[in-house]
Amino acid sequence: MTNDPIIAAIAAYRAGLAAFDAIDEADWPKLGGEAEVVRTTYVEPYGAICGWEGPAMTREGAAEALRLAMSELDMLDDDDPPKVMIRAALGHLESSA
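The numbering of the sequence shown is full-length UniProt numbering, which starts it at 1 and goes up by one.
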């Protein structure tokens with residue numbers, strides 16, 4: 001990994017999502033409810049991603065940003081223009097790394 005802050009922010013977000021996914025929904029009430037589980041797992045890194053300003057500092061950081069965008073867009077069924085263009089840009093970055 002390179003020393004690009006966007007890579008660390010994305011890794012923290014993914015780790016938070018994984019922590020959220022690892023908690024059985026049946027356990028949410030004893031942990032304070034869904035909102036509390038969300039707050040303690042991925043809210044902070046989500047906020048960092050949503051408030052991101054400035055470009056990635058490295059090629060790998062740019063590729064990670066595009067991978068995250070694609071993973072979020074993959075939850076949608078359609079192949080709208082942003083998704084297609086992100087896939088094209090990411091394909092270039094990954095093939096010329």
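Virtual Cβ for every residue (Gly too), placed ideally from N, Cα, C.
Apart from the five residues just before and just after residue 31, which ones in its own chain have a Cβ nearer than 6 Å to its Cβ? Here residue 31 refers to the residue found at position 31 of the sequence shown. Only 37 meet the Cβ criterion.
Please say whether residue 9 and residue 45 have beta carbons closer to each other than 9 Å? Translated into the one-based positions of the sequence shown, residue 45 becomes position 45. Translated into the one-based positions of the sequence shown, residue 9 becomes position 9. In contact: residue 45 and residue 9 (Cβ atoms closer than 9 Å).
Does the Cβ-Cβ distance between residue 89 and residue 66 come in under 9 Å? The count along the sequence shown starts at 1 and reaches residue 89 at position 89. The count along the sequence shown starts at 1 and reaches residue 66 at position 66. Yes; because the gap between Cβ atoms is below 9 Å, this pair is in contact.
With C-beta atoms as the reference, is residue 64 less than 9 Å away from residue 23? The count along the sequence shown starts at 1 and reaches residue 64 at position 64. The count along the sequence shown starts at 1 and reaches residue 23 at position 23. Not in contact: residue 64 and residue 23 (Cβ atoms no closer than 9 Å).
Supposed contact pair residue 21 and residue 60 - C-beta distance, whole angstroms, cut 8 Å: For the purposes of this step, residue 60 is taken as the residue at position 60 of the sequence shown. For the purposes of this step, residue 21 is taken as the residue at position 21 of the sequence shown. With 8 Å as the limit, residue 60 and residue 21 do not qualify as a contact, their Cβ atoms being about 25 Å apart.
Roughly how many angstroms separate the alpha carbons of residue 87 and residue 57, rounded to a whole number? Counting from 1 along the sequence shown, the entry for residue 87 is found at position 87. Counting from 1 along the sequence shown, the entry for residue 57 is found at position 57. Distance between the alpha carbons of residue 87 and residue 57 is about 20 Å.
Spatially closest choice to residue 94 from 78, 75, 62 and 19, by CA coordinates: Position 94 of the sequence shown, counting from 1, holds the residue named residue 94. The option with the nearest alpha carbon to residue 94 is 62.
By the DSSP assignment, the alpha helix (DSSP H) with residue 29 in it spans what residues? Residue mapping note: residue 29 aligns to position 29 of the sequence shown, counting from 1. From DSSP, residue 29 is part of no alpha helix (DSSP H); its letter is neither H nor E.
Using the beta-carbon count (16 or more within 10 Å), is residue 91 buried or exposed? To locate residue 91, count along the sequence shown from 1; it is residue 91. Exposed, since its Cβ has fewer than 16 Cβ neighbours within 10 Å.
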